[in-house]
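Participant: Below you will find the structure I want to go over with you.
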Amino acid sequence: MSSGRLQLRKTMDKLSKAVFFLATSFGIIALAILLYNIISQGIGWLDWQFLTSFPSRFPEKAGVKPALIGSLWVIGFTAPVAFVVGLGTALYLEEYAQKGRFSRLIQININNLAGVPSIVFGILGLGLFVKNLGLGRSILSAALTMALLILPIIVVASQEALRSVPQHLRNASYALGATKWQTIWRVVLPAAFPSILTGVILAVSRAIGETAPLVVVGAVGFMSFVPNSPFDLFTVLPIQIFHWTARPQEEFRYIAAAAIMVLLAVLFTLNALAVYLRNKYQKRF
Amino acid sequence: MTNNQPIVAKKTKNKRDFGIRSFLLLCASVSILTTVGIVFELLFETINFFREVSLFDFLTDTEWSPTFQDKHFGILTLLSGSFLITLGASLVALPFGLATAIYLSEYAPDRVRRTIKPILEILAGVPTIVYGFFALTFVTPIIRAIFPTAGVFNALSASIVVGIMILPMVASLSEDAMVAVPRSLRDGAYALGATKMEVATKVVVPAGLSGIIASFVLALSRAIGETMIVTIAAGATPKLTLNPLESVQTMTAYIVQVSLGDIQHGTIEYRTLFAVGMTLFLLTLLINIIAQWITRRYREEY
Chain R
1 MSSGRLQLRK
11 TMDKLSKAVF
21 FLATSFGIIA
31 LAILLYNIIS
41 QGIGWLDWQF
51 LTSFPSRFPE
61 KAGVKPALIG
71 SLWVIGFTAP
81 VAFVVGLGTA
91 LYLEEYAQKG
101 RFSRLIQINI
111 NNLAGVPSIV
121 FGILGLGLFV
131 KNLGLGRSIL
141 SAALTMALLI
151 LPIIVVASQE
161 ALRSVPQHLR
171 NASYALGATK
181 WQTIWRVVLP
191 AAFPSILTGV
201 ILAVSRAIGE
211 TAPLVVVGAV
221 GFMSFVPNSP
231 FDLFTVLPIQ
241 IFHWTARPQE
251 EFRYIAAAAI
261 MVLLAVLFTL
271 NALAVYLRNK
281 YQKRF
Chain E
1 MTNNQPIVAK
11 KTKNKRDFGI
21 RSFLLLCASV
31 SILTTVGIVF
41 ELLFETINFF
51 REVSLFDFLT
61 DTEWSPTFQD
71 KHFGILTLLS
81 GSFLITLGAS
91 LVALPFGLAT
101 AIYLSEYAPD
111 RVRRTIKPIL
121 EILAGVPTIV
131 YGFFALTFVT
141 PIIRAIFPTA
151 GVFNALSASI
161 VVGIMILPMV
171 ASLSEDAMVA
181 VPRSLRDGAY
191 ALGATKMEVA
201 TKVVVPAGLS
211 GIIASFVLAL
221 SRAIGETMIV
231 TIAAGATPKL
241 TLNPLESVQT
251 MTAYIVQVSL
261 GDIQHGTIEY
271 RTLFAVGMTL
281 FLLTLLINII
291 AQWITRRYRE
301 EY
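Read top to bottom, the protein sequences are chains R and E.
Every letter in the first sequence is one number past the one before it in my numbering, and letter 58, counting from 1, is 58.
Every letter in the second sequence is one number past the one before it in my numbering, and letter 129, counting from 1, is 129.
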């Protein structure tokens, strides 16, 4: 091979490294611009008054109180329901089910559900919870819809956590005479719990940020009171942001940006918690 | 008596184990019931919808105006909106996502990879409503400065931002596929004198191609189902167009538009929600099945 050709190949190699690196930085730069864009617009409007006021026709008086409390209400019902059902499904698939047709069906079904657009879950929620079960446009309808939406994420994360618990721990427990459930409850779950919790936190943060299904379920754009029962009308942070973004007046964009800062602060805190748990309890058996 | 004690205890334990097993089985059936629920809800109102609108009109009419006096129900206009956005998004996400995956799996030193991956995870965790805000307040003004004919709502702005949204998914799934390519294949190529670029593009990418293509297909499915970005940035004008500077309406954006009004149960508007939802559901289901099929069918076993 002539040295001219070798030189060319080496130059191409260097060039390609630069190209791949630049392409990688595209995502990072986009994130940086996005955060800067939001903070620069919202920072001036974010104060205690904003967190404790109701929405208003006057941007300078508006706040996110009902949306914040609404988000808490919805997540307060979504998280336990999705956690119990999700972990239960994972335990059944990993610890109990025979590897037969039925467990394969459940597994394929969960993978498919994970790919269903979130707005379709909204239509399910509207048809099933709001209309058929007569729960109306309530916090409960919203929470149950969200629970079904994040269920696949929790199942898959819990399955991985359970699978990473080595078989010899189970065998040791059986050798001591423990039943299957005693083994699961006292040996498997404690070992897998940190990873399960990490998965649940990530799923919950997904639910906190979701907008589309709740628009369909019937979230309210303008709430002048704070919900105090699960059957009340509701709004949540992303919905409040959506309604402010859709307003033509420029000031409402600034308070939308301020509300986005509140939402992102909640999500980043949860994500940091998940990363912390993952690092702290990461076990190698 | 004392001899019987353990046996009795064991029996109650077994009974309890049976109860627990049944409860867990019940939990596992919830996901099946969810799918059944989705299909049943969609099917029921969709059938009602097709009692009033013929399937032929639904598939061939080139107008979508269910709320007007002169009602038209041509799903093609909404489909073309969704495809235009998805096409634009893939032009952003596929090249940049694949290049990111190649950089992370082949070039990046461990320390750099450990910094970049969490940043991409943050990008993936940003709520779509925030992306929508970003599209409207940052990307759209830039586009309108470059192309003065562009509307306040245009498909281009929405496509670019949907592309940014699905980029981390392409990058992460493609990287998984490339990391799974065994070391020995790379070493073989290096031993023949290949450069890093040649190893990456001629060995690793072809070897991981099934996983890479599956990641592309899944990302497209995500783009079709994306809702808030297209609702905020692409507008609400259902029309057949390939001009990205115009406002379009996607299937998802239509569902949001109808939901925002106070829809009455049993009206034709209520039913369009389910007919459009059904179309969207079937389309994304088909795409997801294709993606799973590609991964299974072409999985390279090393």
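Built from N, CA and C at the ideal position, the CB exists for glycine as well.
These numbers were taken from a predicted model, which means no experiment stands behind them.
In angstroms with no decimal places, state the Cα-to-Cα distance between residue 185 (chain E) and residue 114 (chain E).
Facilitator: About 24 Å.
Participant: Judging by CA-CA distance, which residue of R:165, R:259 and R:247 is the nearest neighbour of residue 57 (chain R)?
Facilitator: Measuring from the Cα of residue 57 (chain R), the nearest candidate turns out to be R:247.
Participant: Counting only runs that start and end within the segment 54-81 of chain E, where is the alpha helix (DSSP H) found for 4 or more residues in a row?
Facilitator: Counting whole runs of 4 or more residues, the segment 54-81 of chain E contains the alpha helix (DSSP H) stretches 55-60.
Participant: For the pair the segment 55-65 of chain E and the segment 112-132 of chain E, tell me if three or more CB-CB distances fall below 8 Å.
Facilitator: The segment 55-65 of chain E vs the segment 112-132 of chain E: no contact.
Participant: How would you call residue 156 (chain R), buried or exposed, if buried means at least 16 neighbouring beta carbons within 10 angstroms?
Facilitator: Answer is buried; the Cβ neighbour count reaches 16.
Participant: Could you tell me whether the Cβ of residue 212 (chain R) comes closer than 8 Å to any Cβ of chain E?
Facilitator: So yes, residue 212 (chain R) belongs to the interface.
Participant: Check each candidate in R:123, R:140, R:224 and R:267 and name the one with the smallest Cα separation from residue 46 (chain E).
Facilitator: Comparing Cα-Cα distances from residue 46 (chain E) to each of R:123, R:140, R:224 and R:267, the minimum goes to R:123.
Participant: Provide the residue span of the alpha helix (DSSP H) that contains residue 259 (chain E), from first to last.
Facilitator: 251-260 is the span of the alpha helix (DSSP H), which, as asked, contains residue 259 (chain E).
Participant: In chain R, which residues lie with their C-beta within 8 Å of the C-beta of residue 154 (chain E)?
Facilitator: Within chain R, no residue comes near residue 154 (chain E); the closest Cβ sits about 16 Å away, beyond 8 Å.
Participant: Using 10 angstroms around the beta-carbon of residue 134 (chain E), count the other beta-carbons present and answer buried if the total reaches 16, otherwise exposed.
Facilitator: Buried: at least 16 other Cβ atoms inside 10 Å.
Participant: Note down, in chain order, every chain E residue with its Cβ under 7 Å from the Cβ of residue 174 (chain R).
Facilitator: By Cβ distance, chain E contributes nothing, its closest Cβ being about 13 Å from residue 174 (chain R), past 7 Å.
Participant: Between residue 143 (chain E) and the rest of its own chain, which residues show a CB-CB distance below 7 Å, the 5 nearest in sequence each way excluded?
Facilitator: Taken in chain order, the residues that qualify are 150, 154, 156 and 157.
Participant: Going along the chain, which residues of its own chain have a beta-carbon closer than 7 Å to the beta-carbon of residue 65 (chain E), five neighbours each way excluded?
Facilitator: Here the set comprises 71 and 72.
Participant: According to the Cβ coordinates, are residue 179 (chain E) and residue 161 (chain E) closer than 8 Å?
Facilitator: Cβ atoms of residue 179 (chain E) and residue 161 (chain E): not closer than 8 Å.
Participant: What's the C-alpha gap between residue 152 (chain R) and residue 147 (chain E)?
Facilitator: C-alpha separation (whole angstroms): 43 Å.
Participant: Taking the straight line between their C-alpha atoms, what separation do you get for residue 202 (chain R) and residue 176 (chain R)?
Facilitator: The alpha-carbon atoms of residue 202 (chain R) and residue 176 (chain R) are separated by roughly 36 Å.
Participant: With DSSP as the reference, label residue 113 (chain E) as helix, strand or coil.
Facilitator: Residue state, collapsed to three classes: helix.
Participant: Quick check on residue 223 (chain R): does DSSP put it in helix, strand or coil?
Facilitator: Residue 223 (chain R): coil per DSSP, three-state reduction.
Participant: Give a yes or no on contact between the segment 133-144 of chain R and the segment 218-231 of chain R, applying the rule of three or more CB pairs nearer than 8 Å.
Facilitator: Enough Cβ pairs lie closer than 8 Å, so yes.
Participant: Is the CB of residue 112 (chain R) under 8 Å away from at least one CB in chain E?
Facilitator: True, the Cβ-Cβ gap to chain E drops below 8 Å.
Participant: Give the straight-line distance between the Cα atoms of residue 133 (chain R) and residue 145 (chain R), rounded to the nearest whole angstrom.
Facilitator: Taking the straight line from one Cα to the other gives about 13 Å.
Participant: For residue 242 (chain E), which residues in the same chain have their Cβ closer than 7 Å to its Cβ, ignoring the five residues on either side in sequence?
Facilitator: For residue 242 (chain E), where only same-chain residues beyond five positions count, the Cβ hits under 7 Å are 84.
Participant: By how many angstroms is the C-alpha of residue 196 (chain E) removed from the C-alpha of residue 83 (chain R)?
Facilitator: About 45 Å.
Participant: Along chain E, in chain order, which residues have C-beta atoms closer than 9 Å to that of residue 151 (chain R)?
Facilitator: Within chain E, the residues near residue 151 (chain R) are 30, 31 and 34.
Participant: Determine the burial state of residue 152 (chain E): buried for a count of at least 16 other Cβ atoms within 10 Å of its Cβ, exposed for fewer.
Facilitator: So residue 152 (chain E) ends up on the exposed side.
Participant: Are the C-beta of residue 201 (chain R) and some C-beta of chain E separated by less than 8 Å?
Facilitator: It does not; no Cβ of chain E falls within 8 Å.
Participant: For residue 17 (chain E), which three-state DSSP category applies?
Facilitator: DSSP places residue 17 (chain E) in helix when its eight states are reduced to three.
Participant: Relative to chain E, which residues along the segment 156-186 of chain R have a C-beta separation below 7 Å, given in chain order?
Facilitator: Hits within the stretch, in order: 179, 180 and 181.
Participant: Determine the contact status of residue 116 (chain E) and residue 104 (chain E), defining contact as a CB-CB distance below 8 Å.
Facilitator: Yes; because the gap between Cβ atoms is below 8 Å, this pair is in contact.
Participant: Does the Cβ-Cβ distance between residue 68 (chain R) and residue 51 (chain R) come in under 8 Å?
Facilitator: For residue 68 (chain R) and residue 51 (chain R), yes; Cβs fall inside 8 Å.
Participant: Just verifying my parser: in three-state terms, what is the DSSP assignment at residue 158 (chain R)?
Facilitator: Helix, per DSSP.
Participant: Considering only C-alpha positions, which residue in the set E:231, E:93 and E:261 is nearest to residue 247 (chain E)?
Facilitator: Ranking the options by Cα distance to residue 247 (chain E), first place goes to E:231.
Participant: Which same chain residues, not among the five before or five after residue 254 (chain R), have their C-beta less than 8 Å away from its C-beta?
Facilitator: The residues are 41, 42, 44, 45 and 59.
Participant: For the structure I just gave you, are there three or more beta carbon pairs, one from the segment 282-300 of chain E and one from the segment 209-229 of chain E, closer than 8 Å?
Facilitator: Short answer: they touch.
Participant: Who are the neighbours of residue 92 (chain R) on chain E, taking C-beta pairs under 7 Å?
Facilitator: The answer, in chain order, is 24, 25, 27 and 28.
Participant: Taking Cβ positions only, does residue 50 (chain R) come closer than 8 Å to chain E?
Facilitator: No, no contact with chain E.
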